[in-house]
Amino acid sequence: MKHILRTRLWMLQNSIRHLRRHSSLKIGVITFFIIFFLVGGYLLFYEGFNYLMNFPPFGRLLMDRLIALFFVVVFFMLIFSNVIVALATLYMDKELEFLITLPINFRSIFLTKFGETVIFSSWAFVFLGGPLLLSFAHVRGVSFWFYLFLVPVTLTFILIPAALGVGLMMIIARFYPLKRPRVLLLAILVIVIPGMIFLSHFEFSPMMNELLKGFQFSQHPLLPSYWASEGILLAGKRELSHSLFFFFLLLANALYLPYLLFAFVPKLYYPGWIKTKGWGIKRLYPLGRGIIGRVEKSFPVLSPPCRALLFKDIRTFIRDPSQWTQFIIFFGLLALYIANLRNRNYGILSPFWKNIISFFNLTAMGLTLSTLTTRFMFPLFSLEGKRFWFIGLAPISFKKLLLQKFWCSVILSFFITEGLMIFSNIMLNVDRLIFTLSCLIVGFMSFALSGLSIGLGAVFPNFRSDNPSRIVSGLGGTLDFILSLGYVLITVSLIGLPLHLFLIKGTITTAFFHRFLFWAMSAIIMLSILTAFLPLYSGVRNLKRMEF
Amino acid sequence: MNIMIKVENLSKRFEDLWAVKKLDLEIREGEIFTFLGPNGAGKTTTIKLLTGLLKPTTGKVTLGGYDLGKERINALRLVSYIPDQPYLYDKLSGREFLKFIGELYMVKDLRERIEKILGTFEIADFGDRLIEDYSHGMRQKLIFSASLLHDPRIIIIDEPMVGLDPKSVRLVKDILRNKAREGVAIFLSTHTLSVAEEVAHRIAIIDHGNLIAMGTLSELKSKAKEAGHLEDIFLELTKS
Numbered sequence: 035m036k037h038i039l040r041t042r043l044w045m046l047q048n049s050i051r052h053l054r055r056h057s058s059l060k061i062g063v064i065t066f067f068i069i070f071f072l073v074g075g076y077l078l079f080y081e082g083f084n085y086l087m088n089f090p091p092f093g094r095l096l097m098d099r100l101i102a103l104f105f106v107v108v109f110f111m112l113i114f115s116n117v118i119v120a121l122a123t124l125y126m127d128k129e130l131e132f133l134i135t136l137p138i139n140f141r142s143i144f145l146t147k148f149g150e151t152v153i154f155s156s157w158a159f160v161f162l163g164g165p166l167l168l169s170f171a172h173v174r175g176v177s178f179w180f181y182l183f184l185v186p187v188t189l190t191f192i193l194i195p196a197a198l199g200v201g202l203m204m205i206i207a208r209f210y211p212l213k214r215p216r217v218l219l220l221a222i223l224v225i226v227i228p229g230m231i232f233l234s235h236f237e238f239s240p241m242m243n244e245l246l247k248g249f250q251f252s253q254h255p256l257l258p259s260y261w262a263s264e265g266i267l268l269a270g271k272r273e274l275s276h277s278l279f280f281f282f283l284l285l286a287n288a289l290y291l292p293y294l295l296f297a298f299v300p301k302l303y304y305p306g307w308i309k310t311k312g313w314g315i316k317r318l319y320p321l322g323r324g325i326i327g328r329v330e331k332s333f334p335v336l337s338p339p340c341r342a343l344l345f346k347d348i349r350t351f352i353r354d355p356s357q358w359t360q361f362i363i364f365f366g367l368l369a370l371y372i373a374n375l376r377n378r379n380y381g382i383l384s385p386f387w388k389n390i391i392s393f394f395n396l397t398a399m400g401l402t403l404s405t406l407t408t409r410f411m412f413p414l415f416s417l418e419g420k421r422f423w424f425i426g427l428a429p430i431s432f433k434k435l436l437l438q439k440f441w442c443s444v445i446l447s448f449f450i451t452e453g454l455m456i457f458s459n460i461m462l463n464v465d466r467l468i469f470t471l472s473c474l475i476v477g478f479m480s481f482a483l484s485g486l487s488i489g490l491g492a493v494f495p496n497f498r499s500d501n502p503s504r505i506v507s508g509l510g511g512t513l514d515f516i517l518s519l520g521y522v523l524i525t526v527s528l529i530g531l532p533l534h535l536f537l538i539k540g541t542i543t544t545a546f547f548h549r550f551l552f553w554a555m556s557a558i559i560m561l562s563i564l565t566a567f568l569p570l571y572s573g574v575r576n577l578k579r580m581e582f
Numbered sequence: 004m005n006i007m008i009k010v011e012n013l014s015k016r017f018e019d020l021w022a023v024k025k026l027d028l029e030i031r032e033g034e035i036f037t038f039l040g041p042n043g044a045g046k047t048t049t050i051k052l053l054t055g056l057l058k059p060t061t062g063k064v065t066l067g068g069y070d071l072g073k074e075r076i077n078a079l080r081l082v083s084y085i086p087d088q089p090y091l092y093d094k095l096s097g098r099e100f101l102k103f104i105g106e107l108y109m110v111k112d113l114r115e116r117i118e119k120i121l122g123t124f125e126i127a128d129f130g131d132r133l134i135e136d137y138s139h140g141m142r143q144k145l146i147f148s149a150s151l152l153h154d155p156r157i158i159i160i161d162e163p164m165v166g167l168d169p170k171s172v173r174l175v176k177d178i179l180r181n182k183a184r185e186g187v188a189i190f191l192s193t194h195t196l197s198v199a200e201e202v203a204h205r206i207a208i209i210d211h212g213n214l215i216a217m218g219t220l221s222e223l224k225s226k227a228k229e230a231g232h233l234e235d236i237f238l239e240l241t242k243s
């Protein structure tokens, strides 16, 4: 065990040394954007919490409930994330084939890989949760015990969904029937649907009492997320004995659950790992058969090389469980969001709230698209890396190669997000003007964010990994996500300002509004073109310079 | 015979290490040129320079008359490269992979060609299985199939026999000889000296990035003052 950890440490040291070889400009830009995102996130949450403080006594209560809601959402997200990451690290990782042949017991291998799973699936929580929790602490003026409890409570908390997620993956891997692959889909739905039903209890209402009632599900005493949120909230109020109670409750479970997994390693993990080696062996994929084969045959629009690249990407995506299961979870969460838009009587809301909600909806669509393009489009080029000996040698230019991936991403993300936008706009019963503008803007966003992700994917490729989650977790993926968020926020602000001044405040004339809208849309179009093409241009340049 | 691979003053430096130093080569149509050298001698770097996967520090590579640095696409149309570590798309079936390669090179009558080549390498029965289920030898056969699909004029191979069973080794040697007879220029890097001895028209030996010997087997024998096998000549020339 200590040998594996020592090797990991060496690898980390070497990676840090390797990092020094990157240009200081590249590192500087990335550091700047990470700091910008953290500080920006902190200020945004700070403003939001400050706003809530204007409504005593509900404001304070609402803030506490929001923290509890944050932890419960993170709890379920981390379970899903750990299931997926565990499939990649504990079962599919090629390193395992080497480690298993060494005189190391399975428990040591499991423990190392479990640690990796926890880190890969939970780092984003720490990254995103930091600004939220610190701004909360600042606004509420909590005691220093809050800060003291924050790190141990969150670190202990993340072990529980990790153990649950990894445990579920171990059961799936051990008992997954080889001849019925759809059972895996069913198993994932069995995990996802209860989580969604649970989360769908949240109801938005402008009435404060009903709003607080809607948060009640996050206060369930059996939820580890409740123990975590209470652990830090009570520490902030100097109620140390209660806070310690929740911390120890978390700690007991955080130690017991991984120990339970550890005990089942010989019965579940190793036989399961052996079984995964046989996944898919029985299946045959005759040329031209199946849905993809038939669609490909009747797809003469593209040139043969572009068609070959497109359908190769589609096939590799669909046949990789770690990819499509994340896709299902991603769209499951979107379905949950859409389901929550139903029957909320938006028609009777004041124009102020209607417009605010429709802009939140546009922002939500933009953020969804950012996640979609970062998670699924950014790794596309890196995944070609080890195969560059034939892609790079084929008589197809780097520009064509990137453009094929770009247009594929634009078309896919356009249809998905435009469909969702139209559907949610109908649900929200928004004005015709906002309906049209939001649909147009989502179209521009699909274009811009696809270019950004594909372009940055070629600027910051990672050819050492075949695991998309790991590729996205790198510097380039983080930068892509941060820039995508920045683009979405600027775009929404550009369109939001004239509409807010005209429709809500009524402080500008119709003629001025039309001019303002024209310039705002022109700025969005320019910004979208630059956001798409600058990274693509840099990507092509980088490919021409790159060595493999 | 036209020159198909021309290497002029080719060098490659990685930070302080010169992996290849001032290499000059000419390989003609129909010639099997074998490149030998100890581990770390610069063989794979040379191959990567020949295929454009690495950029030269100095010098240039011309393939079929096209400067690889300036007319990359035209040059690469003529080439097939078979690497020593064959990474493939594990989630495609063998037939799908061949179709993918064939469409990239816009090969005509693709279906017939795929079936013919799978038959030649005796992997037709496995053609509908995912590549992730293939053994190393089957992957190697699939790569050979893919590399011959578009009738290349130049074949560059790094360690061709790794993982192949004896019957397939014979098949590959026969195919290489037949391709050479058809006028294809073959650049072959290997550690398997018996293969070099059997198929090569000319042999070059590289050590520490320097070309230390080049010629036919008999020319090398006289240079090494050894009457033995290629193995003895190789050890004599690289003993420093």
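Just so you know, the sequences run in chain order A and B. Those letters in the first sequence? Residues 35 to 582, by my numbering. Those letters in the second sequence? Residues 4 to 243, by my numbering. Just so you know, even glycine gets a beta-carbon here, dropped at the ideal spot from N, CA and C. The structure presented is a predicted model; accordingly, all values stated were derived computationally and were not measured.
Below 6 Å CB to CB, which residues in the same chain sit around residue i once its five sequence neighbours on both sides are set aside?
i: residue 220 (chain B); result: none
i: residue 264 (chain A); result: 280
i: residue 468 (chain A); result: 392
i: residue 195 (chain B); result: 164
i: residue 28 (chain B); result: 10
With DSSP run on the structure shown, which of helix, strand or coil describes residue i?
i: residue 69 (chain B); result: strand
i: residue 5 (chain B); result: coil
i: residue 96 (chain B); result: strand
i: residue 84 (chain B); result: strand
i: residue 337 (chain A); result: coil
i: residue 156 (chain B); result: coil
i: residue 402 (chain A); result: helix
i: residue 274 (chain A); result: helix
i: residue 37 (chain B); result: strand
i: residue 238 (chain A); result: In this predicted model, residue 238 (chain A) has a pLDDT of only 49, less than 50, meaning its place in the structure is not dependable; the value taken from the coordinates is given anyway. Of the three classes helix, strand and coil, the one that applies to residue 238 (chain A) here is coil, per DSSP.
i: residue 111 (chain B); result: coil
i: residue 134 (chain A); result: coil
i: residue 25 (chain B); result: strand
i: residue 451 (chain A); result: helix
i: residue 216 (chain B); result: strand
i: residue 10 (chain B); result: strand
i: residue 63 (chain B); result: strand
i: residue 237 (chain B); result: helix
State yes or no: is the C-beta of residue i within less than 8 Å of the C-beta of residue j?
i: residue 253 (chain A); j: residue 344 (chain A); result: no
i: residue 156 (chain B); j: residue 53 (chain B); result: no
i: residue 573 (chain A); j: residue 488 (chain A); result: yes
i: residue 566 (chain A); j: residue 482 (chain A); result: yes
i: residue 180 (chain A); j: residue 266 (chain A); result: yes
i: residue 282 (chain B); j: residue 428 (chain A); result: Only positions 4 to 243 of chain B appear in the structure, and residue 282 (chain B) is not among them; the question remains open.
i: residue 1 (chain B); j: residue 36 (chain B); result: In this structure chain B extends from 4 to 243, so residue 1 (chain B) is not present and cannot be described.
i: residue 354 (chain A); j: residue 94 (chain B); result: yes
i: residue 183 (chain A); j: residue 269 (chain A); result: yes
i: residue 8 (chain B); j: residue 56 (chain B); result: no
i: residue 486 (chain A); j: residue 521 (chain A); result: yes
i: residue 149 (chain A); j: residue 188 (chain A); result: no
i: residue 20 (chain B); j: residue 199 (chain B); result: no
Ordered along the chain, which non-local residues of its own chain (more than five positions away) have a Cβ less than 8 Å from that of residue i?
i: residue 125 (chain A); result: 203, 207, 306, 307, 310
i: residue 291 (chain A); result: 193, 194, 197, 198, 201
i: residue 22 (chain B); result: 15, 16, 45, 48, 212
Only counting the same chain, and skipping five residues up and downstream in sequence, which positions put a Cβ closer than 7 Å to that of residue i?
i: residue 104 (chain B); result: 149, 152
i: residue 536 (chain A); result: 542, 547
i: residue 161 (chain B); result: 47, 50, 85, 86, 87, 192
i: residue 179 (chain B); result: 35, 189, 202
i: residue 168 (chain A); result: 76
i: residue 476 (chain A); result: 399, 451, 452, 455
Just to make sure I have the definition right: I need the residues of chain E whose C-beta is within less than 7 Å of the C-beta of residue i. Which are they?
i: residue 168 (chain B); result: Protein chains A and B are contained in the structure displayed, whereas chain E is not.
Sequence ranges, beta strand (DSSP E) only - wholly within the segment 45-99 of chain A, length at least 3:
Counting whole runs of 3 or more residues, the segment 45-99 of chain A contains no beta strand (DSSP E) stretch at all.
Using a beta-carbon distance cut-off of less than 7 Å, what residues from the segment 119-145 of chain A approach chain B?
Cβ contacts with chain B come from no residue of the segment 119-145 of chain A.
Contact list for the segment 335-357 of chain A against chain B, Cβ threshold 7 Å:
Residues 338, 339, 341, 342, 346, 349, 350, 353, 354.
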